[in-house]
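Asker: Taking the numbering used here, the leading residue of the sequence shown gets 135, the next gets one more, and so forth. For reference, the structure I am asking about is given below.
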Amino acid sequence: MVEAPEYMIPLCPLMQNQQSDNPKDHLDPDALAAAAPQLAAVLSGDLYCWSCKYDLTGLSVTGTCPECGTPVRATLLAIVDPQASSFAPMRWPVLSAAGLLIWSAAAFCAILVIFLLRVFDVLVSMSFLPARFAQFGVLVPILAGVSAVGALVFIRPHCAIRVSTSIRSIIAAFLYIPLVAFLWGLHARFDIVSGSPYLSDSINIEDRVEKRIVIGFLILAIALLLRSAVREYAARSVLMRTGQLTRQTLLAFAAAVVLTLLGDTLHLVSLRWPAVQSFAVTTIWMALVVIGSGMIAFGFGGMLWDSVRLYPVIRRRPRSLGEIIRKESTPRQS
Ligand SMILES: [Zn+2]
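This is the structure:
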């Protein structure tokens, strides 16, 4: 849960306007429903059934969706955020939402390309594909660069962001520069010149393993540095904050990166000190790298899915109950 510290609020004129003392913003739907006969609270529009997306405009909060029968209150509970008024508004909501999406989608595509390259290696070795397919490796640093551009939105998405979070995001943005350079060196040069790493002996060239370790450390540092900014985004979804939607965490992703790093380090140790080399050691480092890589792909797939789910929340900001309903004063019948 992310709350703007009190001392930051005066620095943020936009946010002050958002502070609402209106008690209806703090009512929960149940209390509202109980009061509904007198208040005749109806939905003021821009609210769609959580289950079937039917437009609920004008319906009573006590009613049910005419299309699928889901109670309107269920939709309210899913969409209305009781803490909506405590979030500082995003400065550029569409840009912030798009940046989050670009950051995760480009990174996920880069991971997919690396997996595809290994499939191409096998198909090239079986002469099903021409050797030039290895050149798709240039896509990896390019996609990482696109992801870095998306990550710029983490620096200052709203004016109540903690300074430390902004500084961490700036350092992460700078770390993308050596990351792209090393990914270029590995996937766009080394692997194209030396041939398939797993089907030739180039996997055992120390230079390649060292490049992988540097890349691993850079990704680990970026993930840990961006963590607080990404949580800032996820906290805006009431469903993610309250754990009603499972959320992929950068911490789990970082753990997967550590696994591959351990595998690569063990590999490097065995290359430098041949006495360590054995079938068991080779099996262990390969298992660590394969399992870690699988977890990285799975983790970033989840992160991309989270970004897709967060897109409408960030773009339109969390909504309070007061924004969604209007109370029509109906003459009381006696
Ligand atoms: Zn419905």
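C-beta: ideal position from N, C-alpha, C; glycine also.
Give me, in chain order, the residues of the same chain whose beta-carbon lies closer than 7 Å to that of PRO205; leave out the 5 immediate sequence neighbours on both sides.
Answerer: Here residue 205 corresponds to residue number 71 of the sequence shown, with the count starting at 1. Result list for PRO205: THR198, in chain order.
Asker: Three Cβ pairs or more, each shorter than 8 Å: is that satisfied between the region 257-273 and the region 320-330?
Answerer: With a cut-off of 8 Å, the region 320-330 and the region 257-273 count as touching, because enough Cβ pairs lie within range.
Asker: Helix, strand or coil for ARG370, going by three-state DSSP, please let me know.
Answerer: Counting from one through the sequence shown, the residue named residue 370 turns up at place 236. Here ARG370 sits in coil by DSSP.
Asker: Any heavy atom of ligand 1 inside 7 Å of the beta-carbon of SER185?
Answerer: Position 51 of the sequence shown, counting from 1, holds the residue named residue 185. Under cutoff, so the answer is yes.
Asker: Assuming ARG453 and ALA218 form a contact by the criterion Cβ under 8 Å, report the distance between their Cβ atoms to the nearest whole angstrom.
Answerer: Within the sequence shown, the letter at position 319 stands for residue 453. Within the sequence shown, the letter at position 84 stands for residue 218. Their Cβ separation, rounded to whole angstroms, is 6 Å, which keeps ARG453 and ALA218 in contact under 8 Å.
Asker: In whole angstroms, what separates the C-alpha of ILE311 from that of GLY284?
Answerer: Stepping through the sequence shown from its first residue, residue 311 is reached at position 177. Stepping through the sequence shown from its first residue, residue 284 is reached at position 150. Those two C-alpha atoms are separated by around 14 Å.
Asker: Measuring only from the beta carbon, is THR394 closer than 7 Å to any heavy atom that is part of ligand 1?
Answerer: Position 260 of the sequence shown, counting from 1, holds the residue named residue 394. THR394: no, Cβ never under 7 Å from ligand 1.
Asker: Cα separation between THR394 and ARG449?
Answerer: Counted from its first residue, the sequence shown places residue 394 at position 260. Counted from its first residue, the sequence shown places residue 449 at position 315. Rounded to whole angstroms, THR394 to ARG449 spans 35 Å at the Cα level.
Asker: Does the Cβ of THR191 lie closer than 7 Å to at least one heavy atom of ligand 1?
Answerer: The sequence position of residue 191 within the sequence shown is 57, counting from 1. Outside the cutoff, so no.
Asker: Under a Cβ-count criterion, where at least 16 other Cβ atoms within 10 Å of its own Cβ denotes burial, should PRO200 be classed as buried or exposed?
Answerer: For the purposes of this step, residue 200 is taken as the residue at position 66 of the sequence shown. Burial call: exposed.
Asker: Assuming VAL410 contacts LEU384 (C-beta within less than 8 Å), just tell me the rounded distance between them.
Answerer: The sequence position of residue 410 within the sequence shown is 276, counting from 1. The sequence position of residue 384 within the sequence shown is 250, counting from 1. Actually they are not in contact, since the Cβ atoms of VAL410 and LEU384 sit about 33 Å apart, beyond 8 Å.
Asker: Excluding the five sequence neighbours on either side, which residues of its own chain have a C-beta within less than 6 Å of the C-beta of LYS158, listed in chain order?
Answerer: Within the sequence shown, the letter at position 24 stands for residue 158. Note that LYS158 scores 44 on pLDDT, short of 50, meaning its location in the model is unreliable and no value can be drawn from it.
Asker: Tell me whether the beta-carbon of SER371 lies closer than 8 Å to the beta-carbon of LEU444.
Answerer: To locate residue 371, count along the sequence shown from 1; it is residue 237. To locate residue 444, count along the sequence shown from 1; it is residue 310. Result yes, Cβ atoms of SER371 and LEU444 sit closer than 8 Å.
Asker: By DSSP's criteria, ILE459 is part of a beta bridge. Which residues make up the other side?
Answerer: Start at 1 with the first residue of the sequence shown, and residue 459 comes out as number 325. In DSSP, ILE459 forms a bridge with LEU177.
Asker: Counting only the same chain and skipping the five closest in sequence on each side, list residues whose C-beta sits under 8 Å from that of ILE347.
Answerer: Within the sequence shown, residue 347 is the residue found at index 213, counting from 1. Around ILE347: LEU395, ASP398, THR399 and LEU402.
Asker: Just the C-alpha distance for PHE413 and SER404, rounded to the nearest angstrom, thanks.
Answerer: For the purposes of this step, residue 413 is taken as the residue at position 279 of the sequence shown. For the purposes of this step, residue 404 is taken as the residue at position 270 of the sequence shown. Going from the Cα of PHE413 to the Cα of SER404 covers about 11 Å.
Asker: Does any heavy atom of ligand 1 sit closer than 7 Å to the C-beta of THR196?
Answerer: For this step, residue 196 is matched to residue 62 along the sequence shown. The answer is no for THR196.
Asker: By DSSP, does TYR445 sit in helix, in strand, or in coil?
Answerer: One-based indexing of the sequence shown puts residue 445 at position 311. Helix at TYR445.
Asker: For TRP226, which three-state DSSP category applies?
Answerer: For this step, residue 226 is matched to residue 92 along the sequence shown. TRP226: coil per DSSP, three-state reduction.
Asker: With C-beta atoms as the reference, is ILE245 less than 8 Å away from VAL280?
Answerer: Position 111 of the sequence shown, counted from the first residue, corresponds to residue 245. Position 146 of the sequence shown, counted from the first residue, corresponds to residue 280. No.
Asker: Excluding five sequence neighbours on each side, which residues of the same chain lie with their C-beta closer than 8 Å to the C-beta of SER298?
Answerer: As a first step, residue 298 must be located in the sequence shown, where it is residue number 164. SER362.
Asker: Between THR204 and ligand 1, is there a pair consisting of the residue's CB and a ligand heavy atom that are separated by less than 7 Å?
Answerer: Walking along the sequence shown from the start, residue 204 turns up at place 70. Yes, the Cβ of THR204 comes within 7 Å of a heavy atom of ligand 1.
Asker: Kindly identify the DSSP beta-bridge partner or partners of THR198.
Answerer: Looking up residue 198 in the sequence shown gives position 64. Per DSSP, PRO205.
Asker: In whole angstroms, what is the alpha-carbon distance linking GLN382 and VAL442?
Answerer: Within the sequence shown, the letter at position 248 stands for residue 382. Within the sequence shown, the letter at position 308 stands for residue 442. When rounded, the distance between both Cα atoms is 13 Å.
Asker: Exposed or buried, what is VAL287 when buried is set at 16 or more other beta-carbons lying within 10 Å of its beta-carbon?
Answerer: For the purposes of this step, residue 287 is identified with residue 153 of the sequence shown, where counting begins at 1. Answer is buried; the Cβ neighbour count reaches 16.
Asker: Can you look up TYR188 in the DSSP assignment and give me helix, strand or coil?
Answerer: By 1-based counting over the sequence shown, the position of residue 188 is 54. Residue state, collapsed to three classes: coil.
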